[in-house]
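These notes concern the structure reproduced below.
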Amino acid sequence: MIYTIFIRDVVRFFAIYAIFLFGFTHSFYLIFIVCEREFHDKYPNDTHVNILANPLEGLLRLFICTIGEFTTLYKEINTCEHQVVSMIGKVVFLIYELFVSLLQFNLLIAMMTRTYEMIYHTQKEYKRQWAQVILMTELSHSPKERLMALLKYSRPIGTDKRKRAFVVTRKHETFSESEKLMKEQQANAIREEKRLLLKRRFRDIHHTVPGHPGHLSKLRNAFRPETPYIPTPMPTRWPNLKKE
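Counting from 1, position 14 in the sequence shown corresponds to residue 14 in full-length UniProt numbering; the numbering is continuous, with no gaps.
As structure tokens, then:
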């Protein structure tokens, strides 16, 4: 299942992402070239640093924008000397953020979820088809043949010979990858729970060792708080009883 998700979904996602990335890289490259020329026309003696000097640099810049760092790119677009190109750059930047940064990763999550559900339903469909094949095989035989086959693969229960049960002589456990992963996660959870329980017990034993600062308080708390452990006080003077 993991290989299916990786091959079908991740490769498809990166193919779509590469198309968007190359297209927007060339768009921003042309926008920054126009902004650089406009700056040199207005200020010929000043120097201007173009952060998208070549398409490869633009590719890396847009990839960095995908993971959330887009402040530098938008700042350069906003300070462009050509007003029309600056507005076009802002529109292209907004479209890029919507279609690439937001929709693409949500699309990847949706594709993986759909593939997982499809594989899960396929496993159930396999069991249903297998049961249907068994049923059709049984219906293709006569009642006498089915009775003889039943007597072969079943054994009587107790003294009543009419009550019979299945006998499994050998069992092959064949699990799918999803079932193996689920069983491994359950085993890890049980192992972690046992480890925490043993750690807690060792800590309690360490606190009850004589000489430890918490030893006396631990012993006091070990008794029931409402049970008296002191002798019952006796009266200091017995009353005089007169004999009649």
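Positions of the beta carbon are idealized from the N, C-alpha and C atoms, including for glycine. The structure displayed is predicted, hence computed values, not measured ones.
(request) Give me whichever residues DSSP pairs with I157 in a beta bridge. (result) I157 pairs with D160.
(request) Mind the definition here: the segment 80–88 touches the segment 38–46 only if three or more C-beta pairs lie below 8 angstroms; say whether that holds. (result) With a cut-off of 8 angstroms, the segment 38–46 and the segment 80–88 count as touching, because enough Cβ pairs lie within range.
(request) Inspect the CB distances between the segment 62–75 and the segment 6–15 and report whether three or more fall short of 8 angstroms. (result) Contact between the segment 62–75 and the segment 6–15 is absent, because fewer than three Cβ pairs lie under 8 angstroms.
(request) Taking 8 angstroms as the cut-off, decide whether the C-beta atoms of I77 and F99 are in contact. (result) Against a cut-off of 8 angstroms, the Cβ pair of F99 and I77 comes out as no contact.
(request) Go ahead and pull the three-state DSSP assignment for F99. (result) Judged by DSSP in its simplified three-state form, F99 adopts helix.
(request) Quick one: residues in its chain with C-beta nearer than 7 angstroms to the C-beta of A222, no 5 flanking neighbours on either side, listed in chain order? (result) At A222 the pLDDT is 47, less than 50, meaning the model places this residue with poor confidence and gives no usable figure here.
(message) Quick check for students: name the residue ranges of the alpha helix (DSSP H) that lie wholly in the UniProt domain "Ion transport" (7–123), counting only runs of 4 or more.
(response) Runs of alpha helix (DSSP H) with 4 or more residues, each lying fully within the UniProt domain "Ion transport" (7–123), are found at 11–42, 55–66, 71–78 and 83–96, listed in chain order.
(message) So the candidates are R191, S27, P44 and S178; which of them puts its Cα closest to the Cα of T115?
(response) That would be S178, whose Cα lies nearest to the Cα of T115.
(request) Give the C-beta separation of M118 and D9 to the nearest angstrom, bearing in mind that I take them to be a contact with Cβ-Cβ under 8 angstroms. (result) 11 angstroms between Cβ atoms; not a contact.
(request) Take the Cβ of R61 as the centre, count every other Cβ of all protein chains shown within 10 Å, and call the residue buried at 16 or more, exposed below. (result) It counts as buried.
(request) If I'm right that E138 touches R146 with Cβ under 8 angstroms, what's the distance once you round it to whole angstroms? (result) Sure, about 6 angstroms apart at Cβ, within 8 angstroms.
(request) Take L219 and list the residues in its own chain whose beta-carbon comes closer than 6 angstroms to its own, dropping the five residues that flank it on each side. (result) With a pLDDT of only 47 at L219, under the threshold of 50, the placement of this residue in the model should not be trusted; the figure read from the coordinates follows. Correct list: empty, nothing qualifies.
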